[in-house]
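So the protein lines, in turn, are chains S and C.
The numbers in my numbering rise by one with no breaks, and the one at position 93 of the first sequence is 93.
In my numbering, each number is its position in the second sequence, counted from 1, plus 110.
We treat Cβ as the ideally placed atom computed from N, Cα and C, and that holds for glycine.
Okay, so here's the structure we're looking at.
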Amino acid sequence: MNVISPIVMTALDGLVLRQQATAHNIANLNTPNYRPIQVNFESVLTELAKGNHAEITQTLGVTPNKENLKSALSHEISVLAETNLQYQALIKGVNKQLSLLQMAISEGRR
Amino acid sequence: MSLWQSFAISRSGMDVEQLRAEYAAYNIANANAVQTSGTKVFKPIRVTSRTVAPTFDQVLANSGGTQQMGGVRAIVSEANVQPRKVLDPSHPSADKQGYVTYPGVNVLDEMFSLTMAVRAYEANVTAFNSARSMMQKALEIGGRNG
Chain S
1 MNVISPIVMT ALDGLVLRQQ ATAHNIANLN TPNYRPIQVN FESVLTELAK GNHAEITQTL
61 GVTPNKENLK SALSHEISVL AETNLQYQAL IKGVNKQLSL LQMAISEGRR
Chain C
111 MSLWQSFAIS RSGMDVEQLR AEYAAYNIAN ANAVQTSGTK VFKPIRVTSR TVAPTFDQVL
171 ANSGGTQQMG GVRAIVSEAN VQPRKVLDPS HPSADKQGYV TYPGVNVLDE MFSLTMAVRA
231 YEANVTAFNS ARSMMQKALE IGGRNG
């Protein structure tokens, strides 16, 4: 039995990776000929929700951004903020689930 | 894949931008350094950057064909610009024709590069703070006040 769903775990990992890719884009803001990179993990979440657990261990990947050839600072900062908030929301959910478990263990007593 | 790597990337970005600002200040400080007899004229320093290639270990650890993120690195080089010659025969450093040789520093360019460096530095700090707050949140998992 998984207390925390593997989907949540994968989403947390994917958000960390996205944060890292965005930090990389920002660090290379003034690098000539730099292609911004992006992380797509939402498709992996759909596969996980379908129950295909086996083949998803290695597919969280970083790809060059096909549309945005030039890294735009405002775009990167907004992705950063979005990633951060999604991460915090997920952790809040995890904490709630754990506190439910805690309540069950202590038979409803505090 | 960890937030520590994220800190390292943002730090490398900050290092490069700090170097860029330093060299812009260095070029501006030397903008009016005249060439005296027997010395070479000052040449402005250019800081360019390039993406750091991943190390062998990183490629091996993640051989799924995905792109690796190693941060950024500065390349410092001397710009090959023509010195500025000003006719001023009374100047102590004037040559036989009466010309004084000043470095070919474009102060406007340097100010621009300084401003860009400061802004890019701030962007890197934002990325660093975002990683920090994510990590702080992760440390709260399973805590008392969850």
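First and last residue of the beta strand (DSSP E) that includes residue i?
{"i": "L197 (chain C)", "result": "194-197"}
{"i": "E42 (chain S)", "result": "Run containing E42 (chain S): none in the beta strand (DSSP E); it sits in the alpha helix (DSSP H), 42-50."}
{"i": "E188 (chain C)", "result": "182-188"}
{"i": "R156 (chain C)", "result": "155-161"}
{"i": "V39 (chain S)", "result": "37-39"}
May I ask which residues mark the beginning and end of the alpha helix (DSSP H) holding residue i?
{"i": "A230 (chain C)", "result": "217-248"}
{"i": "I251 (chain C)", "result": "Element bounds for I251 (chain C): n/a, residue is neither H nor E."}
{"i": "Y134 (chain S)", "result": "Nothing about residue 134 (chain S) can be reported from this structure: the residues present for chain S run from 1 to 110 only."}
{"i": "V210 (chain C)", "result": "First-last for V210 (chain C): 209-212, but that is the beta strand (DSSP E), not the alpha helix (DSSP H)."}
{"i": "K150 (chain C)", "result": "Taken as a continuous stretch (DSSP letters only), K150 (chain C) belongs to no alpha helix (DSSP H), as it is neither H nor E."}
{"i": "S5 (chain S)", "result": "It is not in any alpha helix (DSSP H) - S5 (chain S) carries neither H nor E in the DSSP assignment."}
{"i": "M124 (chain C)", "result": "113-139"}
Which of the three DSSP states, helix, strand or coil, is assigned to residue i?
{"i": "G202 (chain C)", "result": "Before going further, note that residue 202 (chain C) is Pro rather than Gly in the sequence given. Coil, per DSSP."}
{"i": "T63 (chain S)", "result": "strand"}
{"i": "S106 (chain S)", "result": "coil"}
{"i": "L29 (chain S)", "result": "coil"}
{"i": "V16 (chain S)", "result": "helix"}
{"i": "A143 (chain C)", "result": "coil"}
{"i": "A21 (chain S)", "result": "helix"}
{"i": "A81 (chain S)", "result": "helix"}
{"i": "A72 (chain S)", "result": "coil"}
{"i": "V94 (chain S)", "result": "helix"}
{"i": "L100 (chain S)", "result": "helix"}
Closest by CA to residue i, which one among the options?
{"i": "Y209 (chain C)", "options": "C:V217, C:P199, C:V215, C:N216", "result": "C:P199"}
{"i": "Y231 (chain C)", "options": "C:S187, C:L129, C:T149, C:D205", "result": "C:L129"}
{"i": "P193 (chain C)", "options": "C:A204, C:V186, C:P213", "result": "C:P213"}
{"i": "E220 (chain C)", "options": "C:R121, C:I138, C:E127", "result": "C:I138"}
{"i": "S270 (chain C)", "options": "C:K153, C:Y136, C:A248", "result": "Nothing about residue 270 (chain C) can be read from this structure; chain C reaches only from 111 to 256."}
{"i": "W114 (chain C)", "options": "C:A237, C:T211, C:I251", "result": "C:A237"}
{"i": "E127 (chain C)", "options": "C:V235, C:G252, C:R242", "result": "C:V235"}
{"i": "V151 (chain C)", "options": "C:K195, C:S159, C:A131", "result": "C:K195"}
{"i": "A114 (chain S)", "options": "S:L12, S:N2, S:R35", "result": "With chain S running from 1 to 110 in the structure shown, residue 114 (chain S) is simply not present."}
{"i": "D125 (chain C)", "options": "S:A27, S:Y87, S:N84, S:A81", "result": "S:A27"}
{"i": "R121 (chain C)", "options": "C:H201, C:M226, C:R183", "result": "C:R183"}
{"i": "N84 (chain S)", "options": "C:I119, C:A248, C:V217, C:E132", "result": "C:A248"}
{"i": "V157 (chain C)", "options": "S:L45, S:G51, S:P32, S:E47", "result": "S:P32"}
{"i": "H50 (chain S)", "options": "S:S99, S:L98, S:P6", "result": "Sequence inspection shows Lys at residue 50 (chain S); the His mentioned does not correspond to that position. Checked all of S:S99, S:L98, S:P6; the closest Cα to K50 (chain S) is S:P6."}
Taking buried to mean at least 16 other C-beta atoms within 10 Å of its own C-beta, is residue i buried or exposed?
{"i": "G181 (chain C)", "result": "buried"}
{"i": "T10 (chain S)", "result": "buried"}
{"i": "E42 (chain S)", "result": "exposed"}
{"i": "G123 (chain C)", "result": "buried"}
{"i": "N30 (chain S)", "result": "buried"}
{"i": "S240 (chain C)", "result": "buried"}
{"i": "R109 (chain S)", "result": "exposed"}
{"i": "N116 (chain S)", "result": "What is shown of chain S runs 1 to 110, which leaves residue 116 (chain S) out entirely."}
{"i": "T63 (chain S)", "result": "exposed"}
{"i": "G253 (chain C)", "result": "exposed"}
{"i": "I185 (chain C)", "result": "exposed"}
{"i": "V79 (chain S)", "result": "buried"}
{"i": "V16 (chain S)", "result": "buried"}
{"i": "S227 (chain C)", "result": "One detail in the question is off: residue 227 (chain C) reads as Ala in this sequence, not Ser. It counts as buried."}
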